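Read the structure below first, then the notes.
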Amino acid sequence: TTSGILAAALHPTDDVIRQLLKRKHVAVVGLSSDASKPSYHVAEMMQQHGQYRIIPVRPGSSKILSEPIVGKLSDIPSDLIADVLVDVFRNPDDVEPIVDEAIAVGATAALHPTDDVIRQLLKRKHVAVVGLSSDASKPSYHVAEMMQQHGQYRIIPVRPGSSKILSEPIVGKLSDIPSDLIADVLVDVFRNPDDVEPIVDEAIA
1 TTSGILAAAL HPTDDVIRQL LKRKHVAVVG LSSDASKPSY HVAEMMQQHG
51 QYRIIPVRPG SSKILSEPIV GKLSDIPSDL IADVLVDVFR NPDDVEPIVD
101 EAIAVGATAA LHPTDDVIRQ LLKRKHVAVV GLSSDASKPS YHVAEMMQQH
151 GQYRIIPVRP GSSKILSEPI VGKLSDIPSD LIADVLVDVF RNPDDVEPIV
201 DEAIA
C-alpha cells in the first residue's frame, strides 16, 4: 500500500552504510533514459549531490547522464568492482539473477521498489528517520542531511530524546507524528535487523 505511512526504506547498520558511502561508483541496473522516470531522477541526484560516478547497466550502446551504458554487470572493468555499489531498479521477478550476478562479480546490491511505487514516494515532502543519530559523523546523519539539503524533504527525527537534530524537533515514536502529516510521510529506518519488524508494524498501523 502507499496510503498512510509507508516504511519503504530499510537501511543496514551504520558500519555497513559507512563502507558503502566510501564507494565512488554506482552501477544502476534498469536505469531509464527517460528523465521523467524515478530511476533517472535518483541516479541524477546521486551523480550531482552524492559525488558518485554512475554506470548505467541495461541493453543499448549509447549514454545516460553522459555515462556510457554497459550491457551487464560482468562488463564493468574488474579494477572497479571493489568500488561499485549496484543499485537495482527492476521488477521483483527480475531481481534474483541480478543479485546473483552482483555477488559473482564481487559487488554489493541495493534494491529499490518499482518505478510506480517510487513515483508515489517522491511526491512526499516529509521523511521520518527512525534511528537518526545526532552525531554528524554517522551515516544516518549524513543521509538525512543530504535528503534535507538536496531532496527538499523535511526531516522528522524519530528516537528517544527531547532536543533537535538537523534543526528539527525529535519525536519519540511514529505515532507521535501529527495525524495531518501522515499521508505525506515516508519512513526511513536506520536500525539493527532485530529492531525492524516492530517499526514496520507501527508504520503500517
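If you're matching positions, the sequence shown starts at 1 in full-length UniProt numbering and goes up one per residue. For each residue, glycine too, the CB sits at the ideal point set by N, CA and C. Quick caveat: nothing in here was measured; it's all calculated off a predicted structure.
Reduced DSSP secondary structure (H/G/I, E/B, other) of residue i
| i | result |
| --- | --- |
| residue 160 | coil |
| residue 170 | coil |
| residue 31 | coil |
| residue 54 | strand |
| residue 178 | coil |
| residue 73 | helix |
| residue 100 | helix |
| residue 188 | strand |
| residue 87 | strand |
| residue 136 | coil |
| residue 128 | strand |
| residue 198 | helix |
| residue 59 | coil |
Buried versus exposed, by CB contacts within 10 Å (16 or more), residue i
| i | result |
| --- | --- |
| residue 175 | exposed |
| residue 49 | exposed |
| residue 140 | buried |
| residue 157 | buried |
| residue 54 | buried |
| residue 56 | buried |
| residue 62 | exposed |
| residue 144 | buried |
| residue 38 | buried |
| residue 190 | buried |
Residue i and residue j closer than 8 Å at C-beta
| i | j | result |
| --- | --- | --- |
| residue 64 | residue 70 | no |
| residue 165 | residue 134 | yes |
| residue 161 | residue 155 | no |
| residue 25 | residue 83 | yes |
| residue 131 | residue 90 | no |
| residue 81 | residue 43 | no |
| residue 28 | residue 94 | no |
| residue 73 | residue 102 | yes |
| residue 184 | residue 128 | no |
| residue 181 | residue 126 | yes |
| residue 46 | residue 52 | yes |
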